[in-house]
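Protein chains in written order, with the working numbering: chain A, 1 to 551; chain B, 1 to 551. Yeah, the Cβ is synthetic: ideal placement off N, Cα and C, and Gly gets one too. What you are looking at is a predicted structure, and each value in this text was computed from that prediction instead of being measured.
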């Protein structure tokens, strides 16, 4: 490839390409879009967070110019505290994301000198060969932006997470008019959100939910409790508006919800003209039909307010017959079971429960097929790379782009770590850079490697049995009978003498190998005979650790 | 309550009331409907199967007269091998279930003398005070039945798992006419499937899927691979029919699919008039557009044929560009992620993939709201107990019953273990019997208690660290330095000297307690100081096992 080429490198998504981080590179300049975390999969027990592998950026740190953050969600911002330890570059973010990131960075010592800068939409930031302009999009958090990136080879449009809501609650729709102006001289490359590329039609406006919530709050005979995402400020505004209309007071419950509401009021993202917000203590003085509670826990998170309310162990809120609970969210894949259990526990206590399977109490924050086509129509890109989605979402989005006239050869389905090299007229994946994942476990970044994870999975399946051998330092002979302990293996009351008999097996293995003075041989013989014995007796395969100690 | 009462006792469902087992009791007679297994939840690592707790039945074994099995699915039959070890009573089952249970019982020694009896629908079986008649229903396996149970207090209708498909593939619809005749003198109690009680409208007929599959198989330019449930015989028939129509041969891949097709052909549930079925070896001699593969793996099961095909490591079937893969199933909650990954891996290899989110290639096997209303209308029960569903499904179904005119006081939402006592005119939950769960782990039945499970979850989170102490038998003094080993804890290459330093900490703890000659005190001190040290260094909390050995 000639030197005058752009390189597009999705760097981290745990199955969703480029979702959390994407690098754009032109000669001596690298800029990075987003730096987010993802929540670990089931196969990663004990892992707190997953963050992108930034070894490529670290290796090229002299060329990395800046991070551009599209919006304030954790999966686009949460890796910054870890990434900025390694890369000392400015971070540009829209106002709300700026506020959220500031709070987060303060919690991490050693990051006080980060250059975090609030951007204004529709103004160009020059960074090396790139000119970056943010433009407004709608998403499930205020102040979400796409990026228009001028490069020596042409304009790149990165939509960020978006939907086209013509009637958003905050009055700031996706800025299609400005985007069209930006694109009037042609777009080289469109990178566009694929999350809902398999869903036909349009994503409903947030207003639709507002109407449903207004109806629920107006008609409920008792208290209404609404659970939603703490960052879904528009939803909270609609709840407050409906409460005001129906002469109810609103109390906010759940730490992250309380913090976000406070912050959003201060920053002007929420307004309370009817003065509906009251402290939780005030609720007790009001009749149930005069109150609304807004709370966290819409994903069934075990320590969230809603789950504690459902389990009957929340200090301030107890379910009473006549309460209506609205779960104003869709379970993220994997959370279906815990959400379902939460609903059941609320019903058991006598609440009526509305959720998105039986009422229009949620719309999602991503564009459906007709909106994606609108984006393709306005930008009419020469090259197209679907991003933010599992592989099948990208395939569906690529098909839409071909339908809309993008040349098949110019549509690229990338995987994280692929380097797409683009000249003015053609593109090619020329290499791969590391784009595995790094795990955060116990608040620190580890390369929790797959051996550790597979050991953990094995321990989870059948527990562990520990055998201790005392060995004479001088002669190498085993002294006294081995000791055995176990945890997570089985209920020993079912076979009270099992470990006792295992010790006899271990002793016999020691005696059988008493000629050998090689500690490893004896230890292995003991481990194997105990393993065989336990399998015969229980059909279980616990992990066995044999530790010889020299005395 | 007077003595002349019926007792209704749901006994096991892991969150779905009465799904796997339900006891009906009148004075000296107990009959049991179904004896199924459930697959363990995420919070039960290592557990193979969950079966109902039958201690109530065992305690009353003299009164248990028979098991009645509604259909051949595992969640209605799979516990029989365990249950029949404890209860020596006859088992009545429809023909296909009879065949499947026979095979299963043969695998378990000691169950050769079980009295397993094949029933014919619409004939009464007298068992104690009960007269039980099976009637045909439609479900996602042939030969599914509901039960009409005559009792001294009136008729009980138990629907089993059902839907009302007026045009089923096997030509045997839910027998509404016979059911109506049975019910003509009034129904005392209806127990009805609630799985889809939240879904409005009707469940589409299996034929709808047949038409979609016919279109896919007719229009595909290359090979078509269809993954579905091995017991969904009607689906397999429709695939074979479509293949015949379009002059394709069908090969069956995947052990359980091969076994089920063989059995279904022998028993006459499948027919192959066009002689489309060929061995897999024949496929190689045919052009792709002449072939269809039917396979397992629609739930993304790790060892299934489809997953191995998707991963490129199946011996007989490799994906080629031009292949069309149809996933003719819906992911069971919890399987969404693995199914999504399987789809992605198939797409990566160049297949086109159709699944239920983008094409009508699956319908489920349970009745939706309008069908549930039809059942309520035909039976017009005095009492109603919604069964087979999570609590919120039961609540939705109860609401339908009230809408249909069942008196509110006569609708009972039970939980497993509740004993509903019914007289002719009223009902009441009078007591609870044990209805927890028993786990099968390593092929044997254990009371894997919650301590064992919580130990396993703890081990999975941060692994285990083992400390060995040698103690002088005579003096109680610790001899030599403690030894430390770990598994599933962390990648020790990140902190190569960590365990070495932990041993020093352990030694210091021993020295600090050298005055004490109490082994427990020393062991605890060592455990706590190592735990503290490791937490300070790593912010991880591994499970710590300290084993003192006397020499």
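Residue i (DSSP reduced to helix, strand or coil)
i	result
residue 52/A	strand
residue 526/B	helix
residue 461/A	helix
residue 193/B	strand
residue 499/A	helix
residue 433/B	coil
residue 450/A	helix
residue 241/B	helix
residue 164/A	coil
residue 570/B	Residue 570/B is absent from the structure shown; chain B starts at 1 and stops at 551.
residue 418/A	strand
residue 210/A	helix
residue 198/B	coil
residue 507/A	helix
residue 571/B	Only positions 1 to 551 of chain B appear in the structure, and residue 571/B is not among them; the question remains open.
residue 129/B	coil
residue 258/B	helix
residue 235/B	helix
residue 441/B	strand
residue 172/A	coil
residue 490/A	coil
Proximity below 8 Å, CB of residue i to CB of residue j
i	j	result
residue 493/A	residue 542/A	no
residue 385/A	residue 213/A	no
residue 130/A	residue 122/A	no
residue 495/B	residue 481/B	no
residue 445/B	residue 433/B	no
residue 114/A	residue 125/A	no
residue 85/A	residue 31/A	no
residue 233/B	residue 24/B	no
residue 162/B	residue 183/B	no
residue 549/B	residue 470/B	yes
residue 198/B	residue 357/A	yes
residue 394/A	residue 373/A	no
residue 547/A	residue 473/A	no
residue 478/A	residue 505/A	no
residue 422/B	residue 189/B	yes
residue 405/A	residue 323/A	no
residue 339/B	residue 299/B	yes
residue 537/A	residue 499/A	no
Beta-carbon neighbours of residue i, restricted to chain C and to distances below 8 Å
i	result
residue 497/B	Judged by its chain identifiers, the structure shown contains no chain C, and its protein chains are A and B.
Inspect the CB distances between the stretch 335-352 of chain B and the stretch 305-320 of chain B and report whether three or more fall short of 8 Å.
Yes, the stretch 335-352 of chain B touches the stretch 305-320 of chain B.
Inter-stretch contact at 8 Å, needing at least 3 Cβ pairs: the stretch 71-80 of chain A / the stretch 205-212 of chain A:
Using a Cβ-Cβ distance cut-off of 8 Å, the stretch 71-80 of chain A and the stretch 205-212 of chain A are not in contact, since fewer than three pairs of beta carbons, one from each stretch, lie closer than that value.
Which ranges does the alpha helix (DSSP H) cover as unbroken runs of at least 4 residues, wholly within the stretch 41-102 of chain A, from first to last along the chain?
Within the stretch 41-102 of chain A, the complete alpha helix (DSSP H) runs of at least 4 residues fall at 55-59, 74-77, 80-83.
Cβ pair count under 8 Å reaching 3, the stretch 144-163 of chain A against the stretch 43-54 of chain A:
A contact is defined here as three or more CB-CB pairs under 8 Å, and the stretch 144-163 of chain A fails this definition with respect to the stretch 43-54 of chain A.
At least 3 beta-carbon pairs within less than 8 Å: the stretch 245-261 of chain B vs the stretch 292-304 of chain B
Three or more Cβ pairs drawn from the stretch 245-261 of chain B and the stretch 292-304 of chain B lie within less than 8 Å of each other, which places the two stretches in contact.
Against chain B, which members of the stretch 169-193 of chain A pass a CB distance test of less than 7 Å?
For the stretch 169-193 of chain A, which is checked against every Cβ of chain B, not one residue is closer than 7 Å.
Would the stretch 410-418 of chain A count as touching the stretch 378-394 of chain A if we require 3 or more Cβ pairs under 8 Å?
With the cut-off at 8 Å, the stretch 410-418 of chain A and the stretch 378-394 of chain A touch.
What are the start and end residues of each continuous alpha helix (DSSP H) run of 4 or more residues lying completely inside the stretch 268-340 of chain B, in chain order?
DSSP runs (the alpha helix (DSSP H)) wholly in the stretch 268-340 of chain B: 280-283, 305-310.
3 or more residues per run - each beta strand (DSSP E) lying fully within the stretch 325-410 of chain A:
Within the stretch 325-410 of chain A, the complete beta strand (DSSP E) runs of at least 3 residues fall at 352-355, 381-387.
Residues of the stretch 515-546 of chain B whose Cβ lies closer than 7 Å to any Cβ of chain A, in chain order:
Going along the stretch 515-546 of chain B in chain order, one finds 538, 539, 540, 543, 545 with a Cβ nearer than 7 Å to chain A.
Listed in chain order, which residues of the stretch 420-438 of chain B have Cβ atoms closer than 8 Å to some Cβ of chain A?
Cβ contacts with chain A come from no residue of the stretch 420-438 of chain B.
Evaluate the contact criterion for the stretch 240-251 of chain A versus the stretch 288-298 of chain A: three or more CB pairs, one atom per stretch, below 8 Å.
Judged by Cβ distances under 8 Å, the stretch 240-251 of chain A makes contact with the stretch 288-298 of chain A, as three or more pairs qualify.
Count the CB pairs spanning the stretch 506-515 of chain A and the stretch 420-440 of chain A that are closer than 8 Å, and state whether there are at least three.
The stretch 506-515 of chain A, when compared against the stretch 420-440 of chain A, does not touch it at the 8 Å Cβ threshold.
Validate contact between the stretch 88-104 of chain A and the stretch 262-278 of chain A using beta carbons, cut 8 Å, 3 pairs:
Verdict: yes, contact present.
Residues of the stretch 30-46 of chain B with Cβ closer than 8 Å to any Cβ of chain A, in chain order
The residues in question are 41, 42, 45, 46.
Does the stretch 327-338 of chain A touch the stretch 360-375 of chain A, meaning 3 or more C-beta pairs lie closer than 8 Å?
With the cut-off at 8 Å, the stretch 360-375 of chain A and the stretch 327-338 of chain A touch.
Please list, in chain order, the residues of the stretch 318-337 of chain A that have any C-beta partner in chain B closer than 7 Å.
Flagged, chain order: 333, 334, 336, 337.
Beta carbons nearer than 8 Å to chain B: which residues of the stretch 381-409 of chain A have them?
Correct list: 390, 391, 392, 395, 396.
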